[in-house]
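Residue numbers (my numbering), protein chains in the order written: chain A, 20 to 445; chain B, 20 to 445.
For reference, the structure is listed below as structure tokens.
Here you go:
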């Protein structure tokens, strides 16, 4: 890896010189800090140009550096390529003097590298252990799908506590609301569960992407590991697509009703589609719960051509009668409208907690009828809504056995064996 | 009624004189104020003795006044008898000069009579209309079972607004928190939905027994009546015990599961047993709901030898798996205990909103199993708990057809046809 990167950096420097562009070529991320986890494939190279030049000049160098590439867009365009088994990002940015006055978020990265590189010497292995542990339990990565710890965050934690084990031990007293401020210069109020003030930018929370559940998961896993350390925390058994027999046995034990909405997802990057998968799940769960079809748990997955939303129901058949609460009785106009609604009333109106209530015939006694009728009018995320509306297939109960996609079976396997940390040793 | 009462009052006076007891004999309640609703059977006679004498001396007169009687106890003993078709209460009390310095609650009644009698002249019919309306819709009576409007309260409302119709019209702008203070001398903060300051005792709320739901019911019924007045508001069709065929049709339309707990109630007055019936319902509903057996509505009734608690369920069969939420993960000791519990885990532990959660085998998949096992350990009211624990019978679904008691069928009929006001005219 080092040789490969060294050649790339040298060539980028040559290209810049030959074109008269004053350009610092900086290796970013873990590769530059000796905290590069084997099995990772991401290499980030930053081309930093002075503020009076154009980023486009650096893009031109990126394009020449790797001829077979694609152009991608975050805040600004960058060059992405697969080369020598690595995922290579060549990112133009501005050389700035103060990271609290950025032109763009990527301008900050060279400062991170500089801050960590000078301090992490001798602690690289500790960072690697922490990253591997987090990756093993599933809390490593700040992309939205994971909502976990970024590489930079793990480095700062090791700098703060001194070692992998010290971080694990410290986490026993972590609570949501914890603030870690290595430079004692924090200057903003954050509401996230963990606040790690960026040493190079006092207003920024390095842990902004970390969700409460991944924060809690790390604390819990650390506790389990300290009681009974085991390599499975670092190297969990890989999930296998669920076989028919395993699926049948799981359904027989759980005796729930699993409903799957299968659809054709739009072709979008994970950081855009994943929040929409979450939103779609929340909308549908809320509809099902509101109508009395109690949801145990749900899941969502997109994989190539197919997307699936899964809902596991505790209740999937309801009686003919439904309670329909109206307004507080003293709101006369609302009461009038409520009483004038056209419907078959089985009982009432009677009063409950000051409100008029009627019991009426239930429209949806089964969740599939409900979803077929109402899925189209739900808010399922900006890009997912049109995809799902245009066509979806519902599977329920044993019907899900007919979904043969190995990606679906892998998703199911992960859904059923969901764990915050490895099982205790037998 | 007047002749009958007149004779009683005269004889009580004679008895007191003959025994040297200085005693005011006062007719209480509506009979004394000309606001006595035909069909009512309650006559209250107060024997008011000076504060330096004993209530027991008045009790002695009460006993002699009606030889065939029973002694009952509220704050103090009193004599109760059924005589000439009336329910007669002869109540000893103290003659006091200031009703805000009572020896006992009944000492206040003569003051109420005096206050109303002097002001209600010419408005007696308006009071009678208001009482009859409230009785017709089911909000008349301050006993705990009804939680409605007392007779004194209806009189004060007519004094405040001037007529039956004016009270109904005024109620269109009533809201919980309304304060009515005829003498503008209220001196205490009350939290009840309606506060009517007692004209003879500024600290007392005459409407203290009125529940939010009966308050709301009156407001709603008044609104319906003003739109479409009809005598059914005053004279509702009497409920009839539900016949087999009607019960079958109701169950077929609702398709719910009705569970009935039948027990032998203790022999106690309604004002003691009714709150316990409510408490028992609340405890059992909460258990059922907590275990996932969603309750649509419940009811309770005691009638002679038998008591029934009724629960109408939307859900009465649940899957094998159950979600079992644990402590927040950062509470390490609690987490340890939670993880060490002995049980078969189907999924998890995983994290939800910072908490460890496991999915385990459900113990109670049907509500009857749950109730048979757990009813005995619930808090069902001080006197009801031992009664129900000592023996109960569970009926569910079609089994309730086998309960032949006409009292039960009447209770069922009222449960199914529960209405806050009469149905609109066809």
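Cβ atoms here follow ideal geometry from the backbone N, Cα and C, with glycine treated the same way.
Please read all numbers here as calculations on a predicted model, not as lab measurements.
Burial state of residue i (16 or more Cβ within 10 Å)
i: residue 412 of chain A; result: exposed
i: residue 461 of chain A; result: The structure shown does not extend to residue 461 of chain A, since chain A is modelled only from 20 through 445, so no value can be given for it.
i: residue 398 of chain B; result: exposed
i: residue 205 of chain B; result: buried
i: residue 242 of chain B; result: buried
i: residue 245 of chain B; result: exposed
i: residue 39 of chain A; result: exposed
i: residue 417 of chain B; result: exposed
i: residue 341 of chain A; result: buried
i: residue 262 of chain B; result: exposed
i: residue 98 of chain B; result: buried
i: residue 208 of chain A; result: exposed
i: residue 210 of chain B; result: exposed
i: residue 217 of chain A; result: buried
i: residue 145 of chain A; result: buried
i: residue 320 of chain A; result: buried
i: residue 396 of chain B; result: exposed
i: residue 457 of chain A; result: Since the first residue of chain A shown is 20 and the last is 445, residue 457 of chain A is not available in this structure.
Run of the alpha helix (DSSP H) containing residue i, from where it starts to where it stops
i: residue 303 of chain B; result: 289-309
i: residue 189 of chain B; result: 183-190
i: residue 49 of chain B; result: 48-52
i: residue 220 of chain B; result: Unbroken run through residue 220 of chain B is the beta strand (DSSP E), 220-224; no alpha helix (DSSP H).
i: residue 316 of chain A; result: Unbroken run through residue 316 of chain A is the beta strand (DSSP E), 314-322; no alpha helix (DSSP H).
i: residue 235 of chain A; result: 231-246
Opening and closing residue of the beta strand (DSSP E) in which residue i lies
i: residue 208 of chain B; result: Per DSSP, residue 208 of chain B belongs to no beta strand (DSSP E) and is neither H nor E.
i: residue 41 of chain A; result: Element bounds for residue 41 of chain A: n/a, residue is neither H nor E.
i: residue 415 of chain B; result: 411-415
i: residue 276 of chain B; result: 276-282
i: residue 177 of chain A; result: It is not in any beta strand (DSSP E) - residue 177 of chain A instead sits in the alpha helix (DSSP H) that spans 170-180.
i: residue 164 of chain A; result: Unbroken run through residue 164 of chain A: none, as it is neither H nor E.
i: residue 89 of chain A; result: 89-92
i: residue 80 of chain B; result: Run containing residue 80 of chain B: none in the beta strand (DSSP E); it sits in the alpha helix (DSSP H), 74-84.
Helix, strand or coil at residue i according to DSSP, with G and I counted as helix
i: residue 445 of chain A; result: The pLDDT assigned to residue 445 of chain A is 48, lower than 50, so where the model puts this residue is not dependable, and the model offers no usable value.
i: residue 260 of chain B; result: coil
i: residue 57 of chain B; result: strand
i: residue 65 of chain B; result: strand
i: residue 32 of chain B; result: helix
i: residue 428 of chain A; result: helix
i: residue 45 of chain A; result: strand
i: residue 201 of chain A; result: coil
i: residue 286 of chain A; result: coil
Ignoring anything shorter than 4 residues, give me the alpha helix (DSSP H) runs that lie fully in the segment 95-160 of chain A, in order along the chain. Whole alpha helix (DSSP H) segments, 4+ residues: 128-136 and 143-156.
In the segment 326-385 of chain A, which residue ranges form an unbroken beta strand (DSSP E) of at least 3 residues, counting only runs that do not cross its ends? 340-347, 364-371 and 374-380
Are the segment 380-400 of chain A and the segment 350-360 of chain A touching by the rule of at least three beta carbon pairs closer than 8 Å? Judged by Cβ distances under 8 Å, the segment 380-400 of chain A makes no contact with the segment 350-360 of chain A, as fewer than three pairs qualify.
Contact between the segment 358-376 of chain A and the segment 298-312 of chain A: three or more CB pairs below 8 Å? No, they do not touch.
Count the CB pairs spanning the segment 48-65 of chain B and the segment 103-121 of chain B that are closer than 8 Å, and state whether there are at least three. Enough Cβ pairs lie closer than 8 Å, so yes.
Evaluate the contact criterion for the segment 178-185 of chain A versus the segment 226-235 of chain A: three or more CB pairs, one atom per stretch, below 8 Å. Result no; under three Cβ-Cβ pairs closer than 8 Å.
Is it true that the segment 285-295 of chain A meets the segment 371-378 of chain A, where meeting means three or more beta-carbon pairs spaced less than 8 Å apart? Here the segment 285-295 of chain A does not lie against the segment 371-378 of chain A, with fewer than 3 beta-carbon pairs under 8 Å apart.
Stretch-stretch touch, CB-based, cutoff 8 Å, three pairs: the segment 153-172 of chain B with the segment 213-231 of chain B: yes
Decide yes or no for the touch test of the segment 325-336 of chain A against the segment 269-287 of chain A: beta carbon pairs closer than 8 Å, at least 3 of them. yes
Between the segment 24-42 of chain B and the segment 69-77 of chain B, do three or more beta carbon pairs fall short of 8 Å? With three or more CB-CB distances shorter than 8 Å, the segment 24-42 of chain B counts as touching the segment 69-77 of chain B.
Counting Cβ pairs closer than 8 Å, one from the segment 291-303 of chain A and one from the segment 296-310 of chain B, do we hit at least three? No: fewer than three Cβ pairs fall under 8 Å.
Segment contact, 8 Å Cβ cut-off, at least three pairs: the segment 148-159 of chain A with the segment 249-265 of chain A: yes
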